[in-house]
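Protein chains in written order, with the working numbering: chain Y, 159 to 404; chain E, 159 to 404.
Just so you know, even glycine gets a beta-carbon here, dropped at the ideal spot from N, CA and C.
Computed from a prediction, not measured in an experiment: that's the story for all the values here.
Let me begin by presenting the structure, written as structure tokens, before commenting on it.
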């Protein structure tokens, strides 16, 4: 059972930022190589879920970690408030539609987990619905895994309460970040404890495990995600296919 | 446990064709009324799955039973051999995408069940995959039901071995049916027993129950489906919404 308050939001003490940044660059390149093979082989799909509180660096992670990948092999979806059409369907409908096909890396900035996070914290759904949805999420992710060789990497972007405040304040002080400022984020921040409880439920009830990614230092966030992906994808021993002769 | 060979493929003896046809006309009109209310209320969705052997009258049923419904409130999908894009996703991907939204009746001519029928009979997938897919199908249908108020009606179009032969021969003899003739249907017919076993598995393992619809007489097929839908939808007590005042 994961208890988020027991897990550090910072890089391990022994790490040196400069070295880690250097290594991250290599990992980002390496991820690009792996993606090329995946795209050529078309045997596997990858789904990367970035979930976390406002200011936890989801956009930045998506931008930095996949910098060595070709756009032809990546799909990126940021899930916002559902549209009218999306609301007229079950909560997994809009997500399943854009699940990555074989050969592709799909990045979800927020995801189907919002439907048991924000919706639960605000009590828009009852606890019975939360349980039903959690069960449906597990079945859905297992389906992607067994029936489409989808490797699922879910990162909980673990930010501290204090670091979130810094991030949200920055958005109000730096003109080039004004566009990211949303007064509603301060309202959601008041519900911090309820969000942590809802995240812990989602993480602990998931059949496909989560990675808890410390994000207070952005350089470590990028390293953590890139390292996790590269280590896992290396194990697939993907190869460039031979020249087709017919 | 349903054993198909124990169930008649014909109308109950006491029924008179003329009377049943008359009643069917009324039911078809009534279904149109119910659809109008569903469309106006936007509280429920309906999914009708028509599954059966070649020549079991899936197209005809779709045409006849929904004749009183407006095209604006119906979606119809005939699932054929998957495309390259569909094959690059899990088997439920193409189906989930077109699940009916609230207010709509969605008709599936064949469905996600093909992936544990034809694929199983031809041994394109192993038995473990069949079990995994059956579990995924149950989770998927339950999701549509609990999270989008989707009422699911699955009709197994129950045709006899002899009647199928008649139907397939008709397609070779009547010029206006030539376009329906497919030599491959005769090959599939040789696998009749394997198909029956696969259908029985799908029907008996489903968490949302099936209706076994006797189709040897087409007039009874239409009556059976229309009656089933109308009786169930009447119970929802759908109402036309009052005039909006703001």
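Endpoints, alpha helix (DSSP H) assigned at residue i
i, result
"residue 368 of chain E", "Premise fails: residue 368 of chain E lies in the beta strand (DSSP E), 368-372, not in any alpha helix (DSSP H)."
"residue 182 of chain Y", "175-199"
"residue 221 of chain E", "216-223"
"residue 342 of chain Y", "341-347"
"residue 255 of chain Y", "251-255"
"residue 282 of chain Y", "Per DSSP, residue 282 of chain Y belongs to no alpha helix (DSSP H) and is neither H nor E."
"residue 331 of chain Y", "319-331"
"residue 337 of chain Y", "Unbroken run through residue 337 of chain Y: none, as it is neither H nor E."
"residue 357 of chain Y", "350-363"
"residue 390 of chain Y", "376-392"
"residue 243 of chain Y", "242-245"
Residues of its chain near residue i, where Cβ-Cβ distance is below 8 Å and the 5 sequence neighbours each way are ignored
i, result
"residue 300 of chain E", "365, 366"
"residue 187 of chain E", "226"
"residue 167 of chain E", "316, 317, 318, 321, 372, 373, 374"
"residue 363 of chain Y", "292, 296"
"residue 259 of chain Y", "203, 306"
"residue 323 of chain E", "347"
"residue 287 of chain Y", "none"
"residue 216 of chain E", "208, 209, 210, 267, 268, 315"
"residue 173 of chain E", "378"
Contacts of residue i in chain E (Cβ-Cβ under 7 Å)
i, result
"residue 251 of chain Y", "254, 257"
Closer than 7 Å to chain E by CB, residue i
i, result
"residue 280 of chain Y", "no"
"residue 201 of chain Y", "no"
"residue 301 of chain Y", "yes"
"residue 294 of chain Y", "yes"
Close Cβ partners of residue i (< 7 Å) along its chain, the five nearest in sequence each way excluded
i, result
"residue 385 of chain E", "185"
"residue 279 of chain Y", "349, 352, 353, 356"
"residue 211 of chain Y", "317, 322, 353"
"residue 218 of chain Y", "376"
CB contact below 7 Å: residue i versus chain Y
i, result
"residue 304 of chain E", "yes"
"residue 248 of chain E", "yes"
"residue 194 of chain E", "no"
"residue 297 of chain E", "yes"
Chain-ordered chain Y contacts of residue i [CB-CB under 7 Å]
i, result
"residue 260 of chain E", "246"
First through last residue of the beta strand (DSSP E) which encompasses residue i
i, result
"residue 208 of chain E", "203-210"
"residue 312 of chain Y", "308-316"
"residue 237 of chain Y", "First-last for residue 237 of chain Y: undefined, no H or E at that position."
"residue 265 of chain E", "263-267"
Closer than 9 Å at the beta carbon, the chain E residues around residue i
i, result
"residue 290 of chain Y", "300, 301, 304, 305"
"residue 332 of chain Y", "The contacting residues do not exist; residue 332 of chain Y stays about 41 Å from chain E at best."
Contact set for residue i: own chain, Cβ-Cβ below 6 Å, skip 5 residues either direction
i, result
"residue 234 of chain Y", "265"
"residue 312 of chain Y", "207, 368"
"residue 192 of chain E", "391"
"residue 197 of chain Y", "231, 261"
"residue 256 of chain Y", "235"
"residue 271 of chain Y", "209, 360"
**OP:** Name, going along the chain, the residues of the stretch 231-243 of chain E whose beta-carbon falls closer than 9 Å to a beta-carbon of chain Y.
**Re:** 243
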